[in-house]
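If you read the protein sequences in the order shown, they are chains U and C. Numbered per my numbering, the first sequence spans residues 613 to 847. Numbered per my numbering, the second sequence spans residues 106 to 721. Here a beta-carbon is modelled for each residue, glycine too, at the ideal position from N, C-alpha and C.
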Amino acid sequence: MKIRAKMAKGDEVKFISHLDLMNTLTRALRRARIPIKFSQGYNPRPAISFGSALAVGIVSQCEYIDFELKTDFSVEKFKKDLNQELPTGIEILKAREIPVNTKSLMAKINAARYRIEMKTENIIDENEAKEMLADFLAKDEIMIVRKRRNKSDREFNLRPMVFELKLLDVMEKRIVIEALIQTGSSGNLRTEELVRAFQQRYPISNEFELTYVKRLGLYVKQKDKLLTPIEVALE
Amino acid sequence: MQSEEIREKLEDILPKVSKPTRYLGNEMYSIDKDLDKQQINFLLAFPDIYEVGMSHLGIKILYHLLNEEDGIAAERVYTPWFDLEEKMRELGIPLFSLESKEPAKNFDIIGFTLQYELSYSNILNMLDLANIPLESENRTKDDPLLIAGGPCAANPEPIIDFFDVIVIGEAEELIKEVVDIYSQWQKTEDGKEKLLHQLAKVSGIYIPSFYDIRYNVTKVNSFMPKYSDLSDSITKRVISDLDESYYPTQWIVPYMDIVHDRINLEVARGCSRSCRFCQAGMIYRPVRERSQERLEELASNLIGKTGYEELGLTSLSTSDYSQIKGLTEKLVEDYSDLQVGISLPSLRAEPFSVELGKKVQQIKKTGLTFAPEAGTQRLRDVINKGVTEKDLIETVQAAYDAGWKRVKLYFMIGLPTETEKDLAGIVSLAKKVAEIGKLKVKVSVSTFIPKPHTPFQWVSFNRMEELKDKIDYLKQNLRGKGLSLDWNDPALSLLEAAFSRGDRRLNQVLIKAWQLGAKFEGWSEHFDVSIWRQAFKEVGLDLEKYVYRDFNLEARLPWDHIEIGVTKDYLRREYNKALAEEVTLDCRSTECSGCGVNQILDVDNCLVGGGSNNED
């Protein structure tokens, strides 16, 4: 059977890498004696697949993971037992059985919502911040350079990858933005790149320093409709 | 700076350093005790980075042993990597414990482990980062009590100025006595001298400041205990029954990948094979095995509580464990459903090892590693490595037939009596192994370093030019399909050789070298031998001359007051047999070779499968 779960990754574990998180989950599954399926062959891997890898340092309230089990298992018990064995900061928020032939999370998820907090040395003017976002959204093309490991740099237009931008809060030297941006295999924008795009264009954001980024939601965006990965699976 | 402020500052710093997970300290089963409410706060310190320190079994044992006691909190600290250290110094953050972010200076006791001579400079660096005076004579009652233990305590002389107390032997046997004496003393107005004097009476405790030792070259000119009630030698403390001794039933599960990321099930302690170069083989005697029953119980607890995917059966020579076959079969049977791999990290090159390997590889097949150590039978007889070429070839053939594709072979260069023939032997042996099917053979060569308390403690360390020539020879000749070679920097070995047989004069060299910027010596990319040459010079010594001092068979050696259990007569006998190319058989299967350990330590070999000639 297959279980799709929604998981939170909190402050306590924000620095652990994607691979560390996989190992942590695998070990918790073993402690909880949940009959997870393993691959055959030289180096058996547990049948766990993530929707989207979370960058190190970012916290999240909405990681989605598919678990394939060897035998039938109560979904309620799965959630309860696993949570008992997970370290502080990692929690399964929801779990649903999904059809075995459901398309993978990786193939479907294409949008992510983030809360982005930044601080600066200067006092921030709220109107100027609003203008910055409005100006950004009014443009058709905003180019940015992506540095790639072992490959040459690549320049691309990130504007089509930004679906929504909202100013949540401005306090003296701190600004909080919410952004819905493209993610997934057909195109992935990083919050760091979005902030860099601001920095390169608007004087107000020159000294923005990312202090806290939280992933608020992962979605399957179909035109203007946003569905959660669990909704999509059960549709 | 207090822990809250350290925490706050780390919030800003951690995102900017490499691998911040190293410094989190909130892993599963790490403790969460209020330090203010404990009688004793104990800091376990490992002078290397997290990934190395977290793999160490001794610290795991002590951590959980101490924390199971009411009134004691034990926390951990490892060496911060360069990037964090730089930020700490810039912002004035002192060395802090992982769990509570408490400054190291505020702990009652700090225990360092001496695993490796080349980590000594990190100890000094950590003390400095902690704002603790380096030398014990400059510390007051308000400073933590500094303890050290571990294998290098077999000759602690090069590092005694920095410690108040040295533990000789197995710390889990005596650590609670130390803590009890400390906590009694804490309630009095007595000075530190009184505390040390009480500790000195505990068997296995060495208080270096109570012994005045003076040298001439290697000869000890004078040796004076400070009090008449002090013994003139300190005898190693050992556990007599491993089943009865403390072993954790759960342990910290790190988030990040560490060097040995698995459950280590210590099946036995000690080895009676008598390889003459091997310090561990001498200083961990006698052989003591855990019962299969106890091991199964521990495995069940540890797998259930940690969820680890690998369980390693460890000891100095795991295939020697008398119930190894039964134990391995049982563990594979019990845990293959849970996808827990069983690994055997130290196997002898004998076909039986492959039989064992076949059992465990049902889950995961990794490479096999064997250590012939020397290239010819003559030299293997000199070092008493009881492995023949036939053994090795048959073993590798069996491994190949069973499906293994990779083999690693360990050799040493610079062994006593080594000639060009022995080097050629390494090449031909490696080639023979590579010719078995299409095996990939990795040859790993290290430099022989004479170590205290071994039959080779008097042997000369090879000249640097010779070592370089030997490595060049291997580089040129160990070529061919499937063959690869790695070796270590002989300059690193030179420094290790200086410290392993060092004496008290090296304490000042260490300080100088640290002042000149020495740290993370074990990391070859950070090692700079010129710093050490300079430090030796400033203290009035010469690194090369110091290493090549004459070690006389009859003279008193700088570590002779440490009673490790094997007699000097036995070591001399073995030394002479080595030169005569005579072998000594394992005392488990034949007669007692008379090393003296059972008499001196009053502990017998303890083999759970029976067959010990010491058991009558």
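Just checking my contact of residue i with residue j at CB under 8 Å: how many whole Å lie between their CB atoms?
i: Val538/C; j: Phe516/C; result: Not quite, the Cβ-Cβ distance comes to about 12 Å (not below 8 Å), so this is no contact.
i: Phe212/C; j: Leu279/C; result: Contact doesn't hold; Cβ gap of about 19 Å is too wide.
i: Pro663/C; j: Asp608/C; result: 4 Å
i: Val757/U; j: Glu743/U; result: 25 Å between Cβ atoms; not a contact.
i: Thr126/C; j: Asp623/U; result: Between Asp623/U and Thr126/C the Cβ distance is about 13 Å, and since that is not below 8 Å, they are no contact.
i: Leu572/C; j: Leu583/C; result: Rounded, the Cβ-Cβ distance is 16 Å, inconsistent with contact.
i: Met106/C; j: Ile198/C; result: 6 Å
i: Phe690/U; j: Ile754/U; result: With 8 Å as the limit, Phe690/U and Ile754/U do not qualify as a contact, their Cβ atoms being about 43 Å apart.
i: Leu461/C; j: Leu452/C; result: 7 Å
Distance check for residue j and residue i, CA to CA, integer angstroms please.
i: Phe627/U; j: Cys711/C; result: 46 Å
i: Arg827/U; j: Leu196/C; result: 31 Å
i: Tyr352/C; j: Leu745/U; result: 60 Å
i: Glu643/C; j: Gln613/C; result: 9 Å
i: Gly386/C; j: Val688/C; result: 16 Å
i: Lys410/C; j: Trp356/C; result: 8 Å
i: Ile468/C; j: Asp366/C; result: Residue placement at Ile468/C is poorly supported in this model, since its pLDDT is 45, which falls under 50; the coordinates still yield a value, given next. In a straight line, the C-alpha of Ile468/C is about 17 Å away from that of Asp366/C.
i: Asp781/U; j: Glu738/U; result: 9 Å
i: Ser160/C; j: Ile816/U; result: 48 Å
i: Arg610/C; j: Ile318/C; result: 10 Å
i: Glu700/U; j: Lys682/U; result: Glu is not the amino acid found at residue 700/U; the sequence shown has Thr there. About 27 Å.
i: Ile111/C; j: Glu804/U; result: 27 Å
i: Leu839/U; j: Tyr183/C; result: 46 Å
i: Ile344/C; j: Glu240/C; result: 31 Å
i: Thr419/C; j: Glu525/C; result: 35 Å
i: Ala178/C; j: Asn172/C; result: 5 Å
i: Ser66/C; j: Leu690/C; result: With chain C running from 106 to 721 in the structure shown, residue 66/C is simply not present.
i: Arg761/U; j: Arg802/U; result: 15 Å
i: Asp684/U; j: Leu170/C; result: 40 Å
i: Lys835/U; j: Lys759/U; result: 30 Å
i: Lys586/C; j: Glu540/C; result: 9 Å
i: Arg727/U; j: Ala791/U; result: 7 Å
i: Asp295/C; j: His302/C; result: 11 Å
i: Lys624/C; j: Gly254/C; result: 20 Å
i: Lys513/C; j: Gln502/C; result: 14 Å
DSSP state of residue i, grouped into three classes?
i: Pro658/U; result: strand
i: Glu767/U; result: strand
i: Glu414/C; result: coil
i: Tyr676/U; result: strand
i: Trp619/C; result: helix
i: Pro256/C; result: helix
i: Trp186/C; result: coil
i: Leu203/C; result: coil
i: Met106/C; result: coil
i: Gly386/C; result: helix
i: Asp591/C; result: strand
i: Asp747/U; result: helix
i: Asn718/C; result: In this predicted model, Asn718/C has a pLDDT of only 45, less than 50, meaning its place in the structure is not dependable; the value taken from the coordinates is given anyway. In the structure shown, Asn718/C sits in coil (DSSP, three-state: anything other than H, G, I, E or B).
i: Phe475/C; result: strand
i: Met634/U; result: helix
For residue i, list the residues DSSP reports as bridge partners.
i: Pro125/C; result: Answer is none; Pro125/C lacks a bridge partner.
i: Arg708/U; result: Arg616/U
i: Gln613/C; result: DSSP, once it has assigned bridges, lists no residue as partnering Gln613/C.
i: Ser448/C; result: Gly417/C
i: Ala146/C; result: Position check: residue 146/C holds Asn in this sequence, whereas Ala was assumed. DSSP, once it has assigned bridges, lists Ala178/C as partnering Asn146/C.
i: Arg727/U; result: Glu790/U and Lys826/U
i: Gln834/U; result: Lys837/U
i: Thr218/C; result: Gly254/C
i: Leu443/C; result: Answer by DSSP bridge pairing: none, since Leu443/C is not bridged.
i: Val546/C; result: Val512/C and Leu588/C
Exercise for review: Evaluate contact between the stretch 570-580 of chain C and the stretch 689-703 of chain C, counting only Cβ atoms and requiring at least three cross-stretch pairs below 8 Å.
Suggested key: Under the Cβ criterion (8 Å, minimum of three pairs), the stretch 570-580 of chain C does not count as touching the stretch 689-703 of chain C.
Exercise for review: Please determine if the stretch 642-657 of chain C and the stretch 674-683 of chain C are in contact, where contact requires at least 3 C-beta pairs separated by less than 8 Å.
Suggested key: Taking a cut-off of 8 Å for Cβ pairs, the stretch 642-657 of chain C and the stretch 674-683 of chain C do not touch, as fewer than three such pairs fall below it.
Review point. Quick one: any contact between the stretch 662-679 of chain U and the stretch 829-836 of chain U, if contact means 3 or more CB pairs under 8 Å?
Key: Touching, yes, given that three or more Cβ pairs across the two stretches are closer than 8 Å.
Review point. Is there contact here, the stretch 420-434 of chain C with the stretch 359-375 of chain C, by at least three beta-carbon pairs under 8 Å?
Key: The answer is yes - the stretch 359-375 of chain C touches the stretch 420-434 of chain C, with three or more Cβ pairs under 8 Å.
Practice item. Count the CB pairs spanning the stretch 220-228 of chain C and the stretch 269-279 of chain C that are closer than 8 Å, and state whether there are at least three. Key: With the cut-off at 8 Å, the stretch 220-228 of chain C and the stretch 269-279 of chain C do not touch.
Check your understanding: Pairing CB atoms from the stretch 226-241 of chain C with CB atoms from the stretch 614-623 of chain C, are three or more of them under 8 Å?
Key -> The stretch 614-623 of chain C and the stretch 226-241 of chain C touch, with three or more beta-carbon pairs separated by less than 8 Å.
Review point. Would you call the stretch 115-129 of chain C and the stretch 160-171 of chain C in contact, with 3 or more CB pairs under 8 Å?
Key: No: fewer than three Cβ pairs fall under 8 Å.
Check your understanding: Below 8 Å, can you find three or more Cβ-Cβ pairs linking the stretch 647-654 of chain U to the stretch 666-675 of chain U?
Key -> Contact between the stretch 647-654 of chain U and the stretch 666-675 of chain U is absent, with fewer than three C-beta pairs closer than 8 Å.
Check your understanding: Does the stretch 593-602 of chain C touch the stretch 311-327 of chain C, meaning 3 or more C-beta pairs lie closer than 8 Å?
Key -> These segments do not touch.
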